[in-house]
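Adding 1339 to a residue's 1-based position in the sequence shown gives its number in the working numbering. A quick write-up on the structure given underneath.
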Amino acid sequence: MKNNLKIAIQSKGRLKDDSLKFLRSLRLKFTVREKSLFISCTNFDLTILFLRNEDIPEYVGRGVADFGIVGENILAEKENELKVVQKLGFGTCFLVIAIPKLSNIKTPNDLEGGRIATSYPQTLTRYLRQNKISATVITLRGSVEIAPSLNLADAICDLTQTGTTLREQGLVPLTSLLQSEAILVESPFPKLQKDSFLSLL
């Protein structure tokens, strides 16, 4: 595995299955074993690494993985300037600021002085700064939607695909910060075999 090509994909969650489907569409053959950290293709010199979504830009940026499939939202949050080979057309979602239905907040400017819970503090902070809004950013790693009902925050900033989870928690979108989908990114470090993989696209 040391010198062959490596591609990092999400180890679990919404992008894993679609990423594997995309790789199979390139006629790559492999068998996925439960709880495997990596698997090798049987018809191409490529190893698939299963990583946490948030860690993929780091592995690719340092050249440990030659390619990665990751959400645009993660790349934006990490502020990582990896080369984007192409958008992949799956995993579409939106990073939105959402508020309780009965909130007095009606526009983004009403967030001034408020508290916003999020798992994307860097992206949210940039948005607030660009729009000259002063608010407290509360960083959480999960269950962000419940923060307003527990009076931890006045609003949240989180990913949504259909809006179902927001509605279940009595939240409605206030504004969208970005639209995200899965992208194929490339390490800045050269490797001769890269072209052979890119030729499959």
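For glycine and all other residues, C-beta sits at the position ideal for the given N, C-alpha and C.
Could you pull out every residue in the same chain whose Cβ sits closer than 7 Å to the Cβ of residue i, ignoring the five residues on either side in sequence?
i: Asp-1485; result: The sequence shown places Ile at residue 1485, rather than the Asp named in the question. Taken in chain order, the residues that qualify are Gln-1508.
i: Leu-1353; result: The sequence given here places Arg at residue 1353; Leu does not occur at that position. Result list for Arg-1353: Gly-1430, in chain order.
i: Asn-1470; result: Pro-1447
i: Asp-1534; result: none
i: Ala-1492; result: Arg-1454, Ile-1455, Ala-1456, Ile-1477 and Ala-1486
i: Lys-1355; result: Ile-1348 and Gln-1349
i: Glu-1418; result: Gln-1461
Of all the options the options, which has the alpha carbon lying nearest to the alpha carbon of residue i?
i: Leu-1479; options: Leu-1463, Phe-1406 and Ile-1472; result: Leu-1463
i: Lys-1345; options: Val-1399, Phe-1361 and Asn-1392; result: Val-1399
i: Gly-1428; options: Lys-1360, Ile-1444 and Gly-1481; result: Lys-1360
i: Ser-1473; options: Leu-1510, Lys-1533 and Asp-1449; result: Asp-1449
i: Ser-1538; options: Ala-1492, Arg-1366 and Ser-1350; result: Arg-1366
i: Asp-1394; options: Ser-1364, Pro-1512 and Leu-1414; result: Leu-1414
i: Phe-1536; options: Cys-1432, Gly-1407 and Glu-1520; result: Gly-1407
i: Asn-1392; options: Lys-1355, Gln-1349 and Val-1423; result: Gln-1349
i: Val-1423; options: Asn-1343, Pro-1396, Ser-1364 and Lys-1374; result: Pro-1396
i: Glu-1451; options: Arg-1468, Leu-1441 and Lys-1440; result: Arg-1468
i: Leu-1441; options: Arg-1506, Ser-1364, Lys-1355 and Lys-1351; result: Arg-1506
Tell me whether the beta-carbon of residue i lies closer than 8 Å to the beta-carbon of residue j.
i: Val-1524; j: Val-1403; result: no
i: Lys-1368; j: Thr-1386; result: no
i: Pro-1460; j: Val-1476; result: yes
i: Glu-1519; j: Glu-1416; result: Note on residue identity: the sequence assigns Ser, not Glu, to residue 1519. Not in contact: Ser-1519 and Glu-1416 (Cβ atoms no closer than 8 Å).
i: Lys-1530; j: Asp-1384; result: no
i: Ile-1438; j: Val-1511; result: yes
i: Leu-1388; j: Ala-1347; result: yes
Report buried or exposed for residue i, applying the criterion of at least 16 other Cβ atoms within 10 angstroms of its Cβ.
i: Thr-1457; result: buried
i: Leu-1362; result: buried
i: Val-1483; result: buried
i: Val-1371; result: exposed
i: Pro-1527; result: exposed
i: Leu-1390; result: buried
i: Ser-1358; result: buried
i: Leu-1489; result: exposed
i: Leu-1542; result: No information on residue 1542 is available, as it lies outside the stretch 1340 to 1540 that the chain covers here.
Quick one: residues in its chain with C-beta nearer than 6 Å to the C-beta of residue i, no 5 flanking neighbours on either side, listed in chain order?
i: Ile-1436; result: Ala-1494, Cys-1496, Leu-1513 and Thr-1514
i: Gln-1425; result: Leu-1523
i: Pro-1466; result: Residue 1466 is actually Tyr in this sequence, not Pro. Answer for Tyr-1466: Leu-1516, listed in chain order.
i: Phe-1433; result: Thr-1499, Ser-1515 and Gln-1518
i: Ser-1379; result: Thr-1386
i: Gln-1532; result: Leu-1344
i: Ile-1444; result: Ile-1438
>> For a minimum of 3 consecutive residues, which ranges assigned as the beta strand (DSSP E) are wholly contained in the region 1416-1469?
In response: 1422-1426, 1432-1439 and 1454-1457
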